[in-house]
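In full-length UniProt numbering, the protein residues as written are 1 to 293. Note that the Cβ used here is the ideal one computed from N, Cα and C, for glycine as well.
As structure tokens, this is what we get:
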């Protein structure tokens with residue numbers, strides 16, 4: 001049977017639309033987000049699409065359509081699903097490449113653009129402005145709902161949502177913990193240096209330490225011991241909270257790389273630490289393989 005090319009498949013999907021709330025970002029960024037800083041070409045990993053079905057998709061949500069990136073083994077049916085949650089910089093080339101890496105390992109990986117209603121992060125050049133104008137305005141409840149929609153899309157398009165995982169980086173690492181407590185379908189998560197505590201607001205009413213005891217699937221936390229933004233006492237607090245939880249919470253664990261800074265997996269940035277990044281990736285794959293396959 002001939003496979004419909006991605007370009008033709010996308011033409012059959014509902015068009016990206018504006019609606020009463022207004023989806024500001026109706027397509028994914030090309031290349032890297034400017035605010036991420038200088039690109040380290042020597043270390044940036046590029047994963048090809050050979051043997052994959054990969055490209056931009058449109059995911060229906062309650063108030064319109066959300067752009068996302070999807071990669072999976074070509075012609076796969078019933079592939080385990082991993083939701084990939086962006087850094088603060090949105091779904092740019094690094095996040096797309098992470099999806100392709102997971103697809104090469106046998107997974108359907110989907111990265112929804114979770115800032116689509118708030119703005120286009122690829123156009124920003126300054127992190128403080130990006131955070132103030134977009135990131136700080138994204139409600140956790142919206143993110144949970146959009147990830148639910150991404151999982152539902154996966155289940156209708158060749159993915160096995162009975163084997164659902166989630167991974168995320170920085171801003172997305174925090175979301176991994178929250179979504180693992182939110183969705184009964186989650187079987188495993190891998191959180192890369194996501195904050196564990198924080199101020200509670202109307203948009204962010206809880207944080208990982210608040211939900212640690214009620215995870216639906218165990219989470220592997222990959223953190224840097226030299227991460228100035230995530231003190232080790234907050235990691236210790238999360239470990240203590242997990243110890244008081246149910247089976248999934250107790251099965252969760254942390255790996256802390258002593259000399260690694262924040263964003264040590266981001267191979268396109270100066271923060272990249274090859275040894276920690278490569279070991280963390282192998283740990284993540286082993287974790288998902290154990291829980292989802």
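Out of the options, which one is the CA nearest neighbour of residue i?
i: residue 258; options: 171, 108, 280, 81; result: 280
i: residue 50; options: 78, 88, 100, 94; result: 100
i: residue 186; options: 197, 165, 175, 198; result: 165
i: residue 236; options: 53, 44, 195; result: 195
i: residue 231; options: 213, 197, 243; result: 197
i: residue 62; options: 145, 244, 254; result: 145
i: residue 103; options: 125, 52, 289; result: 52
i: residue 47; options: 105, 37, 223, 147; result: 105
i: residue 278; options: 40, 202, 45; result: 45
i: residue 175; options: 288, 247, 140, 127; result: 140
i: residue 88; options: 43, 35, 204; result: 35
i: residue 24; options: 242, 40, 92, 114; result: 114
i: residue 170; options: 290, 192, 84; result: 192
i: residue 70; options: 182, 110, 93; result: 110
i: residue 254; options: 55, 37, 222; result: 222
i: residue 241; options: 289, 282, 177; result: 177
i: residue 251; options: 268, 287, 40; result: 287
i: residue 60; options: 269, 112, 74; result: 112
i: residue 39; options: 270, 282, 56, 275; result: 270
i: residue 54; options: 149, 74, 83; result: 74
i: residue 147; options: 267, 83, 233, 203; result: 83
i: residue 96; options: 289, 267, 208; result: 267
i: residue 182; options: 208, 43, 290, 289; result: 208
i: residue 56; options: 91, 142, 41; result: 91
Per DSSP, residue i is paired with what?
i: residue 192; result: 169, 222
i: residue 179; result: Note: residue 179 sits in no beta bridge, so no partner.
i: residue 108; result: 81
i: residue 145; result: Bridge partners of residue 145: none, in fact.
i: residue 254; result: 221
i: residue 160; result: 80
i: residue 69; result: 56, 111
i: residue 87; result: 90
i: residue 61; result: 64
i: residue 186; result: 164
If you drop the 5 nearest sequence neighbours on each side, which residues of the same chain put their C-beta closer than 6 Å to that of residue i?
i: residue 118; result: 134, 137, 138
i: residue 284; result: 190
i: residue 7; result: Model confidence at residue 7 stands at a pLDDT of 35, short of 50, so the residue's coordinates are unreliable; what they give is reported in the following sentence. Same-chain partners within the cutoff: there are none.
i: residue 273; result: 260, 264
i: residue 239; result: none
i: residue 206; result: none
i: residue 127; result: 35
i: residue 85; result: 168, 172, 175
i: residue 18; result: With a pLDDT of 34 at residue 18, under the threshold of 50, the modelled position of this residue cannot be trusted, and the question is left open.
i: residue 276; result: 257, 260, 264
i: residue 149; result: 59, 61
i: residue 234; result: 196, 197
If you drop the 5 nearest sequence neighbours on each side, which residues of the same chain put their C-beta closer than 7 Å to that of residue i?
i: residue 161; result: 81, 151, 154, 155, 185
i: residue 180; result: 166, 186, 189, 215, 216, 217, 219
i: residue 292; result: 80, 163, 165, 187, 188
i: residue 245; result: 212, 213, 214, 215
i: residue 248; result: 215, 216, 217, 218
i: residue 243; result: 250
i: residue 93; result: 31, 32
Leaving out five residues on either side along the sequence, give the residues of the same chain with a beta carbon under 8 Å from the beta carbon of residue i.
i: residue 158; result: 72, 76, 77, 78, 79, 108
i: residue 124; result: 33, 34, 35, 130, 133, 134
i: residue 22; result: 117
i: residue 37; result: 269, 270
i: residue 20; result: Note that residue 20 scores a pLDDT of 39, beneath 50, so its modelled location is shaky; the value from the coordinates is reported in the next line. Closer than 8 Å at the Cβ level, and outside the excluded window around residue 20, lie 63.
Tell me, please, whether the CB atom of residue i is closer than 7 Å to any CB atom in chain D?
i: residue 127; result: Within the model displayed, chain D is absent; a lone protein chain is all it includes.
For this session: Could you say if the stretch 216–233 and the stretch 250–269 meet the contact criterion of at least three C-beta pairs nearer than 8 Å?
Result: yes
Can at least three beta-carbon pairs, one atom from the stretch 116–131 and one from the stretch 26–43, be found at a separation below 8 Å? yes
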